[in-house]
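Worksheet: the structure to be examined is printed underneath.
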Amino acid sequence: MLNSVESMDVEPVFGSLDREETAVDQATVFLEDAIKYRSIHHKIDKRSLRIYRVYYSRLVRWGLTFVIVIDLGLAFFEKPSSLTISSDPRFCGPRPEAPCGVLEGIEILCLLCFVLDVVIK
Numbered sequence: 001m002l003n004s005v006e007s008m009d010v011e012p013v014f015g016s017l018d019r020e021e022t023a024v025d026q027a028t029v030f031l032e033d034a035i036k037y038r039s040i041h042h043k044i045d046k047r048s049l050r051i052y053r054v055y056y057s058r059l060v061r062w063g064l065t066f067v068i069v070i071d072l073g074l075a076f077f078e079k080p081s082s083l084t085i086s087s088d089p090r091f092c093g094p095r096p097e098a099p100c101g102v103l104e105g106i107e108i109l110c111l112l113c114f115v116l117d118v119v120i121k
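So the sequence shown is residues 1 to 121, counted in the UniProt record's numbering.
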């Protein structure tokens, strides 16, 4: 009597380990999406999954939040600045002014980060 393993005539499929790893990565991403209430409508090939997981990593999310805070904080330093010690116009001293090009350079870096975010997403 043959057991079930001996009776099966199955050829080994080369590359099945790679497909199995991709399937595990897909399942992991789908579970992470479900837990974090994200959409599951994205590419599921190996390269796209790697980019997707890096994009939604904690470090990248914190970095993007930091860039947003910096960009919004620039409004307090751009001319006309509302950053004063007192709100009374009689007692407010000179308002701080950044050197020419510093705020614009920071704004361009933030803009490049936003463009990169849109391209990757």
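Ideal Cβ positions, reconstructed from N, Cα and C, are used throughout, including at glycine.
Mapping DSSP to helix, strand and coil, what is residue i?
| i | result |
| --- | --- |
| F77 | coil |
| E97 | coil |
| Y52 | helix |
| K46 | helix |
| R38 | coil |
| R90 | coil |
Going by beta-carbon coordinates alone, are residue i and residue j separated by less than 9 Å?
| i | j | result |
| --- | --- | --- |
| C100 | I70 | no |
| I106 | L74 | yes |
| E21 | K46 | yes |
Do you know how far the Cα of residue j is from the Cα of residue i?
| i | j | result |
| --- | --- | --- |
| R53 | V29 | 7 Å |
| S39 | D33 | 7 Å |
| V24 | I51 | 16 Å |
| K36 | Y56 | 10 Å |
| I68 | E97 | 21 Å |
| V118 | E104 | 21 Å |
| T65 | E78 | 21 Å |
| S48 | R90 | 59 Å |
| H41 | V60 | 20 Å |
| Q26 | L72 | 36 Å |
| I44 | V115 | 23 Å |
| K121 | F76 | 30 Å |
| C113 | W62 | 13 Å |
| R58 | L31 | 16 Å |
For residue i, verify whether its CB is less than 8 Å away from any heavy atom of the ligand ADP.
| i | result |
| --- | --- |
| G105 | No copy of the ligand ADP occurs in the structure displayed, which carries no ligand at all. |
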